[in-house]
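Report on the following structure.
In the working numbering, the protein residues as written are 3 to 393.
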């Protein structure tokens, strides 16, 4: 049987669109009270305070909020009928008057209190608090726990995902480098990587940084491009990972770009910030704080753009899937929900690449602005200028 290239593309796009739909639909329907115990507790608390039963909309909102957060265990799916979770626990690493290392299975998905070396810890909304043997949590008027939080260095779901992607990238690039020893053309998976690497070099690094200085920053640009892209793609699978939708991750990525830019900057870059040439002194004093603020707004724009777009995509897809469970007419709502979910999922495949491209492009642009050489009128020596030729 022979398939055309167009048919293959349509099949792949449909596959990527259906996979997250199947995973999230199963989670919304079967795991609101099992896999998302902590989110359900929040809904129950709200219902208790208002003396009204929790609605389906509240449950869906709680599920979406929980999905966007990190977790101390890796759960693939849950069986609501039997109350079982299928996945594996992750190591919890706390610093509380010494190093405390134990498995997250002690929490039993937030249902029990973990006892370690005579200390008791409770898991509440993805955060670990120090408590007593009864698991007492004190809350303020906004229902935020006031218990002491130990320093948490745990290997959470997002941390594990980043480690796996880092290991995958290391294996990919090392394998590609070894394939060049056999000849000028890479073999195997390297044939897919090479065009992408050339794309980053020719379309991002060289135009923004310049041919003389781009090689110094290619390692970083390739790392952030593939790191963000792969994490975005994995986030659309049934595994339920939302790494680039975590503000802490995007802040760290933006800080890497910020520090590389500042430490690579030449004297012309700092001169334009603190004492802009060819500008009256009064304007220099006014522009100085604006330029300093501009160095901070650039990484802020990076982190917000990546965080907001990925988070919005997850929220929209899960909200569309939830339509069939919130609505009253399943037969009418299901085709609409499936159709819109497929459409948005295909767009998300493009967004996954675009966000990696935009982050890398802006990073190279900021670095290029910091390392480029400037020529000012005041730097020219009038004695070295050539005399005009009079005809």
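Just so it is clear, CB atoms sit at the ideal spot from N, CA and C, and this is done for glycine as well. These numbers come from a predicted model, not from an experiment.
Give the DSSP bridge partners of residue 91, in chain order.
75
Got a sec? Which residues, its chain only, sit under 6 Å from residue 208 by beta carbon, not counting five neighbours each side?
216
Relative to the C-alpha of residue 126, which residue among 135, 117, 119 and 139 is closest?
Ranked by how close their Cα comes to the Cα of residue 126, the residues 135, 117, 119 and 139 have 139 in first place.
Straight-line Cα distance separating residue 282 from residue 300
Roughly 26 Å separates the two Cα atoms.
What residues match up with residue 126 in a beta bridge as DSSP calls it?
129
Could you check what DSSP says for residue 140 in three-state terms: helix, strand or coil?
coil
Pull up the CB-CB distance for residue 277 and residue 286, whole angstroms please, since I reckon it's below 8 Å.
6 Å
What three-state label does DSSP hand residue 149 in the structure shown?
The answer is coil: DSSP assigns residue 149 none of H, G, I, E or B.
Mapping the DSSP letters down to three states, classify residue 253 as helix, strand or coil.
helix
If you compare alpha carbons, which of 205, 169 and 369 is closest to residue 229?
169
Residue range of the unbroken alpha helix (DSSP H) whose run includes residue 161
159 to 181
Alpha-carbon to alpha-carbon, residue 369 and residue 76:
Cα-Cα distance, rounded: 37 Å.
Residue 347 classed as buried or exposed, judged by whether at least 16 other C-beta atoms fall within 10 angstroms:
buried
Indicate whether residue 355 and residue 231 have their beta-carbon atoms separated by less than 8 Å.
yes
Can you tell me whether DSSP reads residue 348 as helix, strand or coil?
If DSSP states are grouped into helix, strand and coil, residue 348 belongs with the helices.
For residue 49, three-class secondary structure by DSSP
Low per-residue confidence applies at residue 49: pLDDT is 41, beneath 50, and the placement is therefore not dependable, though the value from the model is reported in the following sentence. Secondary structure of residue 49 (DSSP, three-state): helix.
Limits of the beta strand (DSSP E) - the one that residue 243 falls within
Under the DSSP assignment, residue 243 falls outside any beta strand (DSSP E); it carries neither an H nor an E label.
Check whether the segment 197 to 211 and the segment 233 to 246 touch, using three or more Cβ-Cβ pairs below 8 Å as the test.
no
Measure the Cβ-Cβ separation of residue 128 and residue 73 and say whether it is below 8 Å.
yes
Cβ-Cβ distance between residue 362 and residue 223 below 8 Å
yes
Against chain D, does residue 140 count as a neighbour if the rule is that its beta carbon must be under 8 Å from one of theirs?
Absent here is chain D; the protein component of the structure consists of one chain.
Of the choices 313, 322, 328 and 364, whose alpha-carbon is the least far from that of residue 353?
313
CA-to-CA distance, residue 201 to residue 99, given in whole angstroms
50 Å
Candidates 349, 166, 351 and 322: closest to residue 337 by CA position
322
What three-state label does DSSP hand residue 86 in the structure shown?
strand
Between the beta-carbon of residue 109 and the beta-carbon of residue 155, is there less than 8 Å?
no
On the CB-based measure, 16 or more other CB atoms within 10 Å of its CB, does residue 284 come out buried or exposed?
exposed
In three-state DSSP terms, what is residue 211?
In this structure, residue 211 counts as helix in the three-state DSSP scheme.
By the three-class DSSP mapping on this structure, what secondary structure does residue 39 have?
Summary for residue 39: the model assigns pLDDT 43, below 50, so the residue's position carries little reliability, and this model does not support an answer.
Length of the line joining the Cα atoms of residue 274 and residue 226:
28 Å
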